[in-house]
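What follows is a single structure, written as structure tokens, with notes after it.
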Amino acid sequence: MVKQIQTDVVIIGGGVIGTLAARELSRYKLDVWLVEKDAEVGWGATKANSGIVHAGFHDKPGSEKAKYCVEGNALYPELCDELDVSFEQNGILMVARSPEEIPVLEQYRAQGQKNGVPGLRIVYQDELRELEPNLSASTTAALLAPTGGTVAPFELAAAAMENAVDNGVQLLAESPVEAIQREDDGFIVMTPNGNLKTRFIVNAAGLHSDTIARLFNDTSFTITPRKGEEYLFDKSIRVVNHTIFPVPNAVSKGILVIPTSEGNVMIGPTGDNVDARDDMTTTQDGFKRIFDSVHELVPSLSPSGIITQFAGVRAASDRGDFVIDYSPVSKQIVHLAGIESPGLTAAPAIALQCAALLKEAGLDLVPDPTFCGRRRPVVRFHRLPRTEQAALIEHNPSFGKIVCRCETVTEAEIVDAIQRGARTIDGVKFRVRAGAGRCQGGFCQPLVMQILSRELGIPLTAVTKRGGGSEQVLYQAKELVGRQTRENIIS
Amino acid sequence: MKTLSADVLVIGGGPAGLSAALAAKQKGAKRVAILERNEELGGILQQCIHHGFGIHRFREELTGPEYAQRFIDELASSGIDVYLETMVLELTDKRVVYAINKDHGMLCFEAGAVVLAMGCRERTRGALRIPGHRPAGVMTAGAAQRFVNIEGYVPGQRVVILGSGDIGLIMARRFTLEGAAVEAVVEVLPYAAGLTRNVVQCLHDFDIPLHLSATVVEIHGRDRVEAVTIADVDAAWKPVPRTERTIPCDTLLLSVGLIPENELSVQAGIELDPITNGPLIDHTLMTSLPGVFACGNVLHVHDLVDFVSEEAETAGTNAAAWTDAQATQSRRIITVKAGESVRYVLPQYVSPEKTAKLYMRVTQPETNVTINIGGLFSLKQKSVRPSEMIQVKLTPKVLSRLDSDSLTVAVEREVENVG
Ligand SMILES: Cc1cc2nc3c(=O)[nH]c(=O)nc-3n(C[C@H](O)[C@H](O)[C@H](O)COP(=O)(O)OP(=O)(O)OC[C@H]3O[C@@H](n4cnc5c(N)ncnc54)[C@H](O)[C@@H]3O)c2cc1C
Ligand SMILES: Cc1cc2nc3c(=O)[nH]c(=O)nc-3n(C[C@H](O)[C@H](O)[C@H](O)COP(=O)(O)OP(=O)(O)OC[C@H]3O[C@@H](n4cnc5c(N)ncnc54)[C@H](O)[C@@H]3O)c2cc1C
């Protein structure tokens with residue numbers, strides 16, 4: 011419990027936007043706090059998206075989306091190298107499903123060139139077949155964007171947070187911001203775990219960024235939740251090399267076939283306006299729409315290879331574009347809001363703009379000479395050659411214990427993830443992929459729970475899937491015996 | 036990296052691995068080793084603390100751990116090398132096996148023959164695509180079994196079980212005995228998937244409702260399961276509109292099938308059968324990779340451990356007798372095929388000169404049928420069920436009557452009067 015902290019900047023929301031902004035600000039001699047309502051960072055839209063680093067040909071020239079997307083894309087290779095995050099520049103192919111769609115490819119190429127997307131070209135029949143032998147025979151041409159890529163989005167947010175914390179940023183998790191009070195030279199940001207007195211606020215609260223704005227009577231934008239479902243295939247299914255897009259329709263970029271940076275194929279997303287901002291349900295209807303559409307692109311994909319599904323909710327603003335600007339209420343508040351797709355791609359560029367806006371509003375950005383942007387490298391045991399694996403076990407025997415057999419994740423990697431900030435079963439899963447494979451934790455979840463319980467010093471019944479209320483086992487053996495009979499008598 | 040060698044190397048120390056290793060040793064293999072990733076031998080049996088193991092083999096009703104212990108005791112004086120907490124990472128097509136262990140580090144085994152005995156894993160929610168939220172409290176029946184029987188925790192107090200496989204049925208009883216309320220067992224098929232004795236002893240005896248031809252169509256609860264909606268299904272397993280009913284619960288167990296664990300086999304280039312998800316084998320239980328044998332749940336999912344042990348003995352015996360020279364011998368091969376109403380038959384290949392045992396499962400429960408074994412002979416059966424494996428012996432004498440290179444096994448019914 012923090013009582014009242016005095017700080018320079020409070021960032022509200024630990025998605026990819028908030029965490030990268032935090033890491034950017036950690037370059038300077040500043041006191042920065044990031045306040046997140048969930049138990050860990052990255053559990054909003056950031057963990058449930060398509061993971062595509064867009065090239066930038068989809069959005070209208072002159073829009074914030076187009077600008078930050080192209081800039082963000084260019085920053086990705088170096089950023090992911092510094093933070094040691096899975097990233098593949100596998101390229102994007104937007105495919106014409108009929109000859110009539112070829113002129114549309116031309117339009118997007120022209121639009122992309124205006125936006126500054128490098129290397130765009132259209133590939134035809136033979137070259138297309140060579141690039142993607144499994145595409146439907148009815149596809150005749152495609153727009154190739156070589157700068158497109160895929161990233162592990164949760165890993166990126168977790169890595170950015172870890173690096174920010176290593177450089178002095180403070181993280182206040184499980185602390186929803188509930189009120190904001192104006193002071194003479196700043197604000198008091200109030201959470202159930204204490205209040206933060208701050209000069210500047212960065213509003214990166216995703217789906218709830220308009221709710222946050224309302225806390226200081228800012229009604230300049232409104233967020234509409236728009237849900238997207240995604241379905242993930244077993245690693246043994248490798249049908250495409252590039253990320254495959256159809257030609258978009260009026261409302262969305264369409265349903266994609268994505269080879270993820272971690273080696274799975276994923277299909278999705280849908281785009282449906284929903285009533286509830288936390289509606290992360292998957293539906294039979296969503297599945298059907300995705301599958302019908304994907305079938306046109308890659309006919310060999312069969313539902314039997316699916317290992318899991320999820321849904322994420324986009325925070326669409328009523329401006330139809332990102333809101334990256336001061337609040338009309340005060341220049342000491344910067345909104346990074348309405349960051350729907352391509353927000354993941356744009357995030358590194360938005361972080362730079364955030365720092366620039368704060369500077370312009372009077373925040374002194376004095377470089378901190380102790381800043382180190384390189385995250386301590388992560389060991390990914392399964393990717394190493396046998397000799398290196400052998401050397402690791404010799405050095406640390408807990409590399410000799412495989413916990414997750416599907417993804418070959420060792421105990422040492424899980425312990426390391428906890429030391430880097432994982433607090434929950436999902437936190438471990440998203441960081442090191444224990445439980446993310448084909449058996450979806452059926453085998454390793456009890457083991458992961460034991461390690462969490464041991465490392466965090468909490469009982470097994472307090473180990474959660476994703477924070478308070480999501481405990482996975484509720485009772486000790488025999489605890490219920492007797493209790494149940496009483497209930498039966500009452501009922 | 037340490038390099039070791041073995042005449043017969045067994046991957047997996049469950050009941051299949053134990054019996055295979057013991058048989059190989061008895062048949063004279065000098066160096067026999069078992070590699071097991073767990074801290075103890077016995078495989079899945081260690082968490083099956085209920086009775087019902089060994090009825091055929093020992094004519095006793097043992098618990099899982101008791102059954103396993105009989106073999107573990109025998110192993111103690113056998114001279115078989117046991118490597119515990121040793122996970123096999125890779126099997127190559129040259130029968131080189133890489134495994135890791137906390138204390139010994141990376142181990143490399145060069146094996147004369149290899150026996151695959153890795154067992155199986157449970158199907159999970161993702162494979163079923165159950166719509167709804169993804170809260171805590173959804174787990175496989177086997178994971179729940181481990182929590183209750185090994186770790187000493189009860190996942191929840193109001194439970195719905197999807198699937199009436201044996202593990203689900205056993206867990207329905209286990210949860211009830213732990214003081215939890217099992218609200219329903221929901222099965223998509225029009226009959227229970229598990230053994231009849233488990234339906235009686237685990238559901239009927241405890242008045243647990245079994246909903247047949249039904250499935251879970253939605254999971255409710257953001258953080259922890261709060262309820263599930265179930266609905267009846269039609270013949271194509273599609274939910275029937277307006278049959279939905281919602282059952283409040285805090286836990287959803289899945290007992291929706293087991294999948295042989297063949298990652299290592301696939302990596303080594305061993306061919307699998309798309310129906311069993313286990314390797315294609317010949318009458319010696321040898322896979323498509325010469326010198327590599329398979330038995331137990333990694334080969335096909337068994338319901339009774341007694342037959343696992345028996346099958347594994349065959350694999351171990353043949354592994355001990357195997358030499359490189361055999362790989363090049365050419366012989367006549369008969370392909371065994373599953374015909375009408377037969378889900379699968381093992382082995383897929385038999386030799387006309389050798390006795391073979393056929394293992395098969397039917398596709399649906401039926402009464403008064405005949406099983407036609409390639410026209411060579413037929414078996415009259417009062418009742419057949421997919422959950423109960425059927426075994427038939429084929430001798431060279433019988434096989435000599437076959438004048439084709441393939442043999443089809445089919446279920447035949449009494450001729451119906453078509454009006
Ligand atoms: C289905 C789908 C597919 C997508 N695909 C792509 C893609 O392929 N490429 C791409 O570039 N973009 C994609 N996007 C968009 C991308 O995911 C988002 O733009 C990005 O994740 C937005 O990040 P964020 O940090 O703004 O939001 P979030 O990740 O939602 O973070 C907001 C954070 O604020 C926290 N918060 C909210 N209220 C409070 C409060 N009161 N107090 C404290 N904390 C609070 C939340 O808990 C959350 O952690 C996709 C989005 C979806 C939904
Ligand atoms: C819940 C449940 C209830 C059952 N009830 C009954 C019953 O009442 N009566 C009955 O007769 N039968 C019952 N059975 C069936 C019987 O237990 C199984 O058929 C039998 O255990 C299968 O034996 P196995 O050796 O093939 O597999 P397992 O017992 O699963 O053993 C496989 C072993 O291989 C190891 N392994 C796997 N991969 C590797 C690797 N890469 N490296 C090293 N080791 C590895 C595993 O750790 C495991 O120990 C039940 C099964 C279950 C799951």
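Protein chains in written order, with this note's numbering: chain A, 11 to 501; chain D, 36 to 454. Where a beta carbon is used, it is the ideal one built from N, C-alpha and C, also for glycine.
{"Item": "The alpha helix (DSSP H) enclosing V340 (chain D), as first and last residue numbers", "Value": "V340 to A356"}
{"Item": "Partner residues on chain D for M290 (chain A), Cβ-Cβ distance less than 9 Å", "Value": "H168, R169 and R257"}
{"Item": "Residue range of the unbroken alpha helix (DSSP H) whose run includes V54 (chain D)", "Value": "A small correction: the amino acid at residue 54 (chain D) is Ser; Val does not occupy that position in the sequence shown. Start and end: P50 to Q61."}
{"Item": "Given 8 Å, three or more beta-carbon pairs between the segment 79-88 of chain A and the segment 144-153 of chain A", "Value": "no"}
{"Item": "Any non-hydrogen atom of ligand 2 within 6 Å of G229 (chain D) CB", "Value": "no"}
{"Item": "Residue-level contact to chain D via CB, P156 (chain A), 7 Å cutoff", "Value": "no"}
{"Item": "heavy atom of ligand 2 below 6 Å from N73 (chain D) C-beta", "Value": "yes"}
{"Item": "Cα-Cα separation between D288 (chain A) and A49 (chain A), rounded to whole angstroms", "Value": "16 Å"}
{"Item": "Listed by chain order, chain D residues near C449 (chain A) by CB distance under 7 Å", "Value": "R156 and T159"}
{"Item": "Beta-bridge pairing of D282 (chain A) - partner residues as DSSP gives them", "Value": "A:K237"}
{"Item": "8 Å CB neighbourhood of Q363 (chain A) in its chain, flanking five on each side removed", "Value": "Y78 and I334"}
{"Item": "Proximity below 7 Å, CB of T201 (chain A) to CB of V187 (chain A)", "Value": "yes"}
{"Item": "V453 (chain D) (DSSP reduced to helix, strand or coil)", "Value": "Model confidence at V453 (chain D) stands at a pLDDT of 49, short of 50, so the residue's coordinates are unreliable and nothing is read from them."}
{"Item": "CB of K137 (chain D) within 7 Å of CB of P456 (chain A), strictly", "Value": "no"}
{"Item": "Residue-level contact to chain D via CB, I503 (chain A), 7 Å cutoff", "Value": "Residue 503 (chain A) lies beyond the residue range present for chain A, which begins at 11 and ends at 501; the question has no answer from this structure."}
{"Item": "Where the alpha helix (DSSP H) through G296 (chain A) begins and ends", "Value": "Q294 to L307"}
{"Item": "For V173 (chain D) and R164 (chain D), believed in contact at Cβ under 8 Å, the rounded distance", "Value": "Their Cβ separation, rounded to whole angstroms, is 13 Å, which puts R164 (chain D) and V173 (chain D) out of contact at 8 Å."}
{"Item": "Per-residue burial, H91 (chain D) [other beta carbons within 10 Å of its own, 16 or more giving buried]", "Value": "exposed"}
{"Item": "Contact list for S480 (chain A) against chain D, beta-carbon separation under 7 Å", "Value": "P170, A171, D258 and R259"}
{"Item": "Positions along the segment 49-77 of chain D whose CB lies within less than 8 Å of some CB in chain A", "Value": "R72"}
{"Item": "Cβ of I317 (chain A) within 7 Å of any chain D Cβ", "Value": "yes"}
{"Item": "Closer than 7 Å to chain E by CB, R443 (chain A)", "Value": "Reference to chain E is not applicable here, since the protein chains of this structure are A and D."}
{"Item": "Short-range partners of chain A found in the segment 226-237 of chain D, where Cβ spacing is below 7 Å", "Value": "none"}
{"Item": "V57 (chain D) CB to nearest heavy atom of ligand 2 below 6 Å", "Value": "Note that residue 57 (chain D) is Leu in the sequence shown, not Val. For ligand 2, not one heavy atom lies less than 6 Å from the Cβ of L57 (chain D)."}
{"Item": "Same chain, Cβ closer than 6 Å to V380 (chain D), five either side skipped, listed in chain order", "Value": "V371, A373, L393, M395 and V444"}
{"Item": "Through-space distance from E298 (chain D) to L126 (chain D), alpha-carbon basis", "Value": "10 Å"}
{"Item": "Distance cut-off 6 Å: D201 (chain D) Cβ against heavy atoms of ligand 2", "Value": "yes"}
{"Item": "Expected contact under 8 Å - CB spacing of I412 (chain A) and M122 (chain D) to nearest Å", "Value": "4 Å"}
{"Item": "Residues of the segment 132-153 of chain D whose Cβ lies closer than 7 Å to any Cβ of chain A, in chain order", "Value": "Y133, I135, N136, K137, D138, G140 and M141"}
{"Item": "C-beta neighbour in chain A for G214 (chain D), strict 7 Å", "Value": "yes"}
{"Item": "Burial state of C382 (chain A) (16 or more Cβ within 10 Å)", "Value": "exposed"}
{"Item": "Cross-strand partners of I277 (chain A) (DSSP beta bridge)", "Value": "A:Y241 and A:V267"}
{"Item": "N-terminal and C-terminal residue of the alpha helix (DSSP H) that N173 (chain A) is part of", "Value": "P163 to D176"}
{"Item": "Best match in A:M104, A:S148, A:E110 and A:D136 for proximity to L130 (chain A) [C-alpha to C-alpha]", "Value": "A:M104"}
{"Item": "Boundaries (first-last residue) of the beta strand (DSSP E) holding A326 (chain A)", "Value": "I316 to S327"}
{"Item": "E100 (chain D) to L35 (chain A) span [Cα, whole Å]", "Value": "Here the sequence assigns Pro to residue 100 (chain D), which means Glu is not the residue at that position. Their Cα atoms are separated by approximately 58 Å."}
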